[in-house]
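Written out below as structure tokens is the structure these notes cover.
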Amino acid sequence: MTKKLSIVVVEKNQARAKLIADSLREAGDFEVSLITEDTGLARRISERNPDVVLIDMESPSRDMLEEMALASGPLDRPVAMFVDRSDDGLTKSAIEAGVSAYVVDGLKPERLKPILDASIARFHMFHRMRKELEATKKALEERKVIDKAKGILMKARGIEEDAAYALLRKTAMDQGRKLAEVASALVTAAGLLK
Amino acid sequence: MNGANISVGFMPLVDAAPIIAAHELGFARQEGIELELVRAPSWSTLRDMVVHGRVDAAHMLSPVPIALALGIGAEAELDVLSVLSVNGTVIGVSKPIADKLRQNGFKFDFQDATAAGQALIACVDAPLRIAVPFPFSMHAELLHYWLTALGLPEILSVQVKTIPPPLMADAMAAGEIDAFCVGEPWGSIAVENGVGDLLLPLSAIWAFAPEKVLAVRRAYREAEPDVSARLIRAVWRAGKWLDQPENRMMASEILSRPEYVNVSSEILERAFDGQIVISQQGDTRKVPNFLTFTKGAASFPWLSWSSWIANQLAKRHGLDASSAILSAKQVFQTEFYRSALSSEMVAMPLTEFKQEGALKVHTSVDSTHGQLVLEPDTFFDGEVFDLELLK
Numbered sequence: 001m002t003k004k005l006s007i008v009v010v011e012k013n014q015a016r017a018k019l020i021a022d023s024l025r026e027a028g029d030f031e032v033s034l035i036t037e038d039t040g041l042a043r044r045i046s047e048r049n050p051d052v053v054l055i056d057m058e059s060p061s062r063d064m065l066e067e068m069a070l071a072s073g074p075l076d077r078p079v080a081m082f083v084d085r086s087d088d089g090l091t092k093s094a095i096e097a098g099v100s101a102y103v104v105d106g107l108k109p110e111r112l113k114p115i116l117d118a119s120i121a122r123f124h125m126f127h128r129m130r131k132e133l134e135a136t137k138k139a140l141e142e143r144k145v146i147d148k149a150k151g152i153l154m155k156a157r158g159i160e161e162d163a164a165y166a167l168l169r170k171t172a173m174d175q176g177r178k179l180a181e182v183a184s185a186l187v188t189a190a191g192l193l194k
Numbered sequence: 001m002n003g004a005n006i007s008v009g010f011m012p013l014v015d016a017a018p019i020i021a022a023h024e025l026g027f028a029r030q031e032g033i034e035l036e037l038v039r040a041p042s043w044s045t046l047r048d049m050v051v052h053g054r055v056d057a058a059h060m061l062s063p064v065p066i067a068l069a070l071g072i073g074a075e076a077e078l079d080v081l082s083v084l085s086v087n088g089t090v091i092g093v094s095k096p097i098a099d100k101l102r103q104n105g106f107k108f109d110f111q112d113a114t115a116a117g118q119a120l121i122a123c124v125d126a127p128l129r130i131a132v133p134f135p136f137s138m139h140a141e142l143l144h145y146w147l148t149a150l151g152l153p154e155i156l157s158v159q160v161k162t163i164p165p166p167l168m169a170d171a172m173a174a175g176e177i178d179a180f181c182v183g184e185p186w187g188s189i190a191v192e193n194g195v196g197d198l199l200l201p202l203s204a205i206w207a208f209a210p211e212k213v214l215a216v217r218r219a220y221r222e223a224e225p226d227v228s229a230r231l232i233r234a235v236w237r238a239g240k241w242l243d244q245p246e247n248r249m250m251a252s253e254i255l256s257r258p259e260y261v262n263v264s265s266e267i268l269e270r271a272f273d274g275q276i277v278i279s280q281q282g283d284t285r286k287v288p289n290f291l292t293f294t295k296g297a298a299s300f301p302w303l304s305w306s307s308w309i310a311n312q313l314a315k316r317h318g319l320d321a322s323s324a325i326l327s328a329k330q331v332f333q334t335e336f337y338r339s340a341l342s343s344e345m346v347a348m349p350l351t352e353f354k355q356e357g358a359l360k361v362h363t364s365v366d367s368t369h370g371q372l373v374l375e376p377d378t379f380f381d382g383e384v385f386d387l388e389l390l391k
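The listed protein sequences derive, respectively, from chains A and B. Those letters in the first sequence? Residues 1 to 194, by the numbering used here. Those letters in the second sequence? Residues 1 to 391, by the numbering used here.
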């Protein structure tokens with residue numbers, strides 16, 4: 001009865017996969033293995049024959065697991081836990097966090113809870129990091145396009161960098177648009193005129 | 001009219017158009033509702049999102065709510081408010097198979113499902129690996145129907161795999177599959193990428209098949225009947241707008257945006273126009289009713305449709321057909337649909353059932369408002385699905 005639970009984590013991002021595995025090991029005495037490739041996913045999982053499969057809800061490959069949940073075979077009719085309704089609150093928070101778990105039929109919810117709690121915490125953290133990364137990337141791209149627009153203005157009008165920036169700012173304010181939008185329009189237009 | 005918010009999940013496919021157009025063109029606002037559209041990464045995730053209330057409504061493969069009602073795979077109570085689209089899907093084959101078919105003299109008429117199926121069976125010597133987007137889909141059901149009717153011993157010679165639509169072309173390029181069945185634009189993407197040719201529209205197997213539905217949790221519809229009815233009207237008006245040929249270009253432009261399907265409008269237009277480019281050389285085939293939204297009572301939740309799906313699912317999963325058909329009837333909310341659209345003077349059928357597969361030509365029937373022209377709905381093998389005969 002107290003056999004170690006085996007968990008497979010399906011996650012393309014190696015670093016992320018490793019962190020999830022680590023936090024699962026901290027949460028309990030589990031046997032954790034990772035799959036970081038999409039190809040042959042069903043076969044890879046069958047080979048490992050786990051009790052629980054954890055996968056990012058954002059992963060399109062999740063539909064391939066759904067097929068396994070139907071076939072009886074090495075995985076002996078696992079169920080999609082989300083529709084199992086064994087613990088609605090836990091399921092909801094897992095969905096909010098973006099983690100989905102496939103569980104072999106008959107596994108008790110209390111054995112699943114620490115696994116999901118740990119992965120939910122990790123997924124939340126990654127979600128936040130992903131958002132922050134996107135915001136940084138966007139800011140960087142905006143910076144780049146503004147620099148380009150400044151360069152175009154400096155060349156076309158023979159003005160200094162400060163004056164070019166001031167001109168962009170003023171145009172943006174007059175038109176009630178964002179600086180990056182005006183800059184990007186200018187860069188596009190300049191590209192067309194070349 | 002208070003501004004009720006409804007979140008609606010969708011998959012990046014051409015047939016999500018009624019939901020997207022309802023939002024973008026103001027049909028929803030006209031009904032005093034505001035749609036918040038959420039793009040889902042996979043069908044299983046979209047199903048979980050609607051079942052657990054992360055979204056209120058969803059663009060859904062028509063067999064999914066029925067499979068859930070029958071407890072196949074998972075169990076939940078979803079209601080189908082209306083049918084979003086009829087047809088709109090294609091079967092494609094990998095380049096090596098297409099070449100072999102051509103060598104054998106096959107003409108790719110994109111029409112004759114019997115000839116295409118026999119040619120396909122004749123040219124493979126190993127088990128045929130076919131991908132569908134989800135185990136519960138018209139793709140899977142019609143593929144089984146087609147190959148079984150052609151006498152292919154399916155267990156021996158076909159491996160059906162699940163691959164999400166946007167990854168279909170990649171899987172074919174990687175040599176993982178020989179054929180696929182997928183909703184547009186993802187078949188055309190395989191053609192564009194030069195990894196495969198298109199063999200048939202699924203409409204060659206069943207000429208008028210319910211493809212996607214608008215689904216909500218039953219508890220949601222019961223708690224919010226007024227908002228649900230407004231959603232039906234908004235999406236129905238969007239579907240009617242989409243059925244007008246002059247609106248297709250604009251629809252393709254809207255759908256091509258990154259937040260929706262994120263594929264060039266030129267490729268999306270093929271499905272709307274029914275002008276399908278079947279090979280990289282640019283061979284084009286015109287398909288009547290390639291994708292239909294409201295024409296010919298396409299959005300009407302026919303109980304004969306839910307019955308056909310339930311019957312197929314029951315057969316394949318070893319359930320009792322008559323009780324499956326009974327459960328499926330509760331899923332397709334025909335009466336609710338009627339009352340939601342009663343203010344619109346829509347020509348609706350007088351019955352909930354028709355003989356599926358019986359109409360070889362356009363047929364005019366009596367309706368709630370004058371005459372209603374039903375579209376041809378034949379099966380490729382001439383079968384007729386009649387509930388009376390099943391009893």
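Beta carbons: idealized from backbone N, C-alpha and C, even for Gly. It should be emphasised that the depicted structure is a prediction, and the values quoted were computed from it without experimental measurement.
- Around residue 130 of chain B, the same chain offers 143, 158, 159, 160, 161, 177, 178, 179, 180, 181 as residues with beta carbons nearer than 8 Å, after the five sequence neighbours per side are excluded.
- Residue environment analysis places residue 261 of chain B among the buried positions, since at least 16 neighbouring C-beta atoms fall within 10 angstroms of its C-beta.
- Residue-level contact check: residue 319 of chain B does not touch chain A, since none of the beta carbons of chain A fall below 9 Å from its beta carbon.
- For residue 212 of chain B, the pairing in a beta bridge is given by DSSP as B:61, B:85.
- A buried status is given to residue 299 of chain B, since no fewer than 16 other beta-carbon atoms sit within 10 Å of its beta-carbon.
- For residue 132 of chain B, the closest alpha carbon among the candidates B:387, B:221, B:75, B:169 is that of B:169.
- Distance between residue 241 of chain B and residue 55 of chain A, taken at the CA atoms: about 39 Å.
- For residue 371 of chain B, the three-state secondary structure derived from DSSP is strand.
- For the region 164-190 of chain B, the set of residues with a beta-carbon nearer than 8 Å to any beta-carbon of chain A comprises 164, 166, 167, 174, 176, in chain order.
- Within the region 29-53 of chain B, the residues whose Cβ lies closer than 8 Å to any Cβ of chain A are, in chain order, 41, 42, 43, 44, 45, 47, 48, 49, 51, 52, 53.
- Of the candidates B:269, B:319, B:259, B:307, B:269 places its Cα closest to the Cα of residue 246 of chain B.
- Put simply, the backbone Cα of residue 140 of chain A is about 43 Å away from that of residue 293 of chain B.
- Under the DSSP assignment, residue 47 of chain A falls in the alpha helix (DSSP H) whose first and last residues are 41-48.
- In the DSSP assignment, residue 349 of chain B forms a beta bridge with B:367.
- Excluding five sequence positions before and after residue 146 of chain B, the CB atoms of its chain that fall closer than 8 Å to its own CB belong to 113, 117, 205, 380, given in chain order.
- Within the region 24-48 of chain A, the residues whose Cβ lies closer than 9 Å to some Cβ of chain B are 38, 39, 40, 42, listed in chain order.
- Here residue 333 of chain B is buried, its C-beta having at least 16 other C-beta atoms within 10 Å.
- DSSP places residue 5 of chain B in the uninterrupted beta strand (DSSP E) bounded by 4-10.
- Relative to the Cα of residue 358 of chain B, the nearest Cα in the group B:384, B:341, B:345 belongs to B:384.
- Under a 10 Å Cβ-count criterion, residue 157 of chain A is classified as exposed, with fewer than 16 other Cβ atoms of the shown protein chains found around its own Cβ.
- Taking a Cβ-Cβ threshold of 8 Å, the residues of chain A close to residue 162 of chain B are 63, 64, 66, 67, in chain order.
- Sixteen is the threshold: when 16 or more other Cβ atoms of the shown chains lie within 10 Å of the Cβ of residue 237 of chain B, as they do, the residue is buried.
- Taking CB atoms only, residue 73 of chain B has a neighbour in chain A less than 9 Å away.
- Contact annotation: residue 150 of chain A and residue 142 of chain A have beta-carbon atoms that are not nearer than 9 Å.
- Taking the beta carbon of residue 60 of chain A as reference, the chain B residues within 7 Å of it are 41, 42, 164, 166, 167, listed in sequence order.
- For residue 201 of chain B, the enclosing beta strand (DSSP E) begins and ends at 196-201.
- Ranked by how close their Cα comes to the Cα of residue 193 of chain B, the residues B:174, B:207, B:208 have B:174 in first place.
- Identification of chain B residues near residue 95 of chain A by a Cβ-Cβ cut-off of 8 Å yields 48, 49, 52, 54, ordered along the chain.
- Rounded to whole angstroms, the gap between the alpha carbons of residue 30 of chain B and residue 239 of chain B is 15 Å.
- When Cβ-Cβ separations below 9 Å define contact, residue 92 of chain A makes contact with chain B.
- Between the C-alpha atoms of residue 80 of chain B and residue 69 of chain B there is a straight-line separation of about 11 Å.
- Between the C-alpha atoms of residue 72 of chain B and residue 324 of chain B there is a straight-line separation of about 11 Å.
- Contact between the region 276-291 of chain B and the region 48-66 of chain B is not established, with fewer than three Cβ pairs separated by less than 8 Å.
- Under the 9 Å criterion on CB atoms, residue 100 of chain A is classed as interfacial with respect to chain B.
- From the listed residues B:7, B:21, B:310, B:376, the smallest Cα separation to residue 244 of chain B is found for B:21.
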